[in-house]
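Student:
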Amino acid sequence: MSQALQIGVTGGIGSGKSMVCRLFSCLDIPVYSADSRAKWLTNHDPVIREKITALLGPQAYNESGIYNTAYVASLVFNNETLLKELNAIIHPVVMSDTESWVYQHSDSPYVIKEAAIMNAAGDKNTLDYVIVVEAPVSLRISRILSRDNRSEKEIRAIIERQVSDEKRREIADFTIINDETTALIPQVMKLHRSFISGKNAG
Numbered sequence: 116m117s118q119a120l121q122i123g124v125t126g127g128i129g130s131g132k133s134m135v136c137r138l139f140s141c142l143d144i145p146v147y148s149a150d151s152r153a154k155w156l157t158n159h160d161p162v163i164r165e166k167i168t169a170l171l172g173p174q175a176y177n178e179s180g181i182y183n184t185a186y187v188a189s190l191v192f193n194n195e196t197l198l199k200e201l202n203a204i205i206h207p208v209v210m211s212d213t214e215s216w217v218y219q220h221s222d223s224p225y226v227i228k229e230a231a232i233m234n235a236a237g238d239k240n241t242l243d244y245v246i247v248v249e250a251p252v253s254l255r256i257s258r259i260l261s262r263d264n265r266s267e268k269e270i271r272a273i274i275e276r277q278v279s280d281e282k283r284r285e286i287a288d289f290t291i292i293n294d295e296t297t298a299l300i301p302q303v304m305k306l307h308r309s310f311i312s313g314k315n316a317g
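Letter by letter, the sequence shown follows residues 116 to 317 of the working numbering.
1. Using the beta-carbon count (16 or more within 10 Å), is V162 buried or exposed?
2. Spatial neighbours of G129 within its chain, please: C-beta separation below 6 Å, excluding the five flanking residues on both sides.
3. For W216, which residues in the same chain have their Cβ closer than 7 Å to its Cβ, ignoring the five residues on either side in sequence?
4. Considering only C-alpha positions, which residue in the set E269, Y182 and I232 is nearest to S279?
5. For K239 versus A149, is the C-beta distance shorter than 8 Å?
6. Please report the straight-line C-alpha distance between T168 and G123, rounded to a whole angstrom.
7. Name the DSSP bridge partner or partners of T290?
8. Check the C-beta distance from Y244 over to D212 and give it rounded, since I have them as a contact under 8 Å.
9. Drop a sphere of 10 angstroms on the beta-carbon of C136, count the other beta-carbons inside from all chains shown, and report buried for 16 or more, exposed for fewer.
10. Within 10 angstroms of the Cβ of L142, are there 16 or more other Cβ atoms? Answer buried if so, exposed if not.
11. For Y182, count neighbouring Cβ atoms within 10 angstroms of its own Cβ and tell me buried if that reaches 16, exposed if not.
12. Would you check if there are 3 or more beta carbon pairs closer than 8 Å linking the region 245 to 252 to the region 285 to 305?
13. Check M302 in the structure and name its three-state DSSP category.
14. Helix, strand or coil: which one does DSSP assign to Q174?
15. Going straight from the alpha carbon of G317 to that of K166, what length do you get?
16. Curious, which full-length beta strand (DSSP E) runs of at least 3 residues does the region 169 to 240 contain?
17. Quick check on Q302: buried or exposed, where buried means 16 or more other Cβ atoms within 10 Å of its Cβ?
18. Which class does L142 belong to by DSSP, given the choice of helix, strand or coil?
19. Give the straight-line distance between the Cα atoms of N315 and T125, rounded to the nearest whole angstrom.
Quick look at the structure:
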């Protein structure tokens with residue numbers, strides 16, 4: 116059984132990468148959301164729970180047993196060492212989970228991996244190509260304001276902390292413009308046809 120092509124999709128907050136992934140999903144392409152899956156595993160994987168509690172204390176999970184994101188963020192926000200230790204607990208489990216998921220979808224022509232943070236294809240990952248989703252900052256801010264309970268100041272601070280558009284372009288094999296002016300579906304369909312033919316050619 117040959118392995119499916121692995122396509123990464125990334126972009127800054129509010130860029131619309133999840134919308135792009137939904138379009139691929141409508142084409143019956145499996146989508147793995149690394150960030151959502153990491154949250155699920157952090158809440159449900161017993162090994163992760165045990166190690167995080169040992170690292171950050173019992174307050175890392177609330178009384179209902181749910182990961183205390185605000186508390187953990189307050190500890191690691193300005194503590195690079197602690198953040199690295201936390202990531203060293205979560206990332207290997209997510210990587211193993213991803214590998215199992217890819218194997219389960221080996222019969223697909225290609226699969227999509229969505230993540231906010233991503234390296235170039237082949238750089239410490241198993242990706243064949245990376246798609247970067249872009250949108251103007253002003254539009255990204257308005258999207259987040261309409262969906263999240265955050266102030267514009269908070270949103271701009273998040274954008275400042277994230278990788279810049281320039282840095283993302285350096286890892287992009289393909290770019291999708293999601294500015295609500297450029298048609299989105301034709302861009303996705305063009306890539307879909309390319310990935311399908313590439314798989315068949317291989």
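Heads up, the beta-carbon is just placed ideally off N, CA and C, and yes, glycines get one too.
Tutor: This is what the structure holds:
1. exposed
2. R255, R258 and I259
3. Y147
4. I232
5. no
6. 31 Å
7. V247
8. Not confirmed; about 21 Å, so no contact.
9. buried
10. exposed
11. buried
12. yes
13. The question names Met, yet the displayed sequence has Gln at residue 302. In the structure shown, Q302 sits in a helix (DSSP, three-state: H, G or I).
14. helix
15. The predicted position of G317 is uncertain, since its pLDDT is 36 and thus under 50; no value can be drawn from it.
16. 225 to 229
17. buried
18. coil
19. For N315, the predicted structure reports a pLDDT of 41, less than 50, and the residue's modelled location is therefore unreliable. A value from the coordinates is still provided. Taking the straight line joining both Cα atoms gives about 25 Å.
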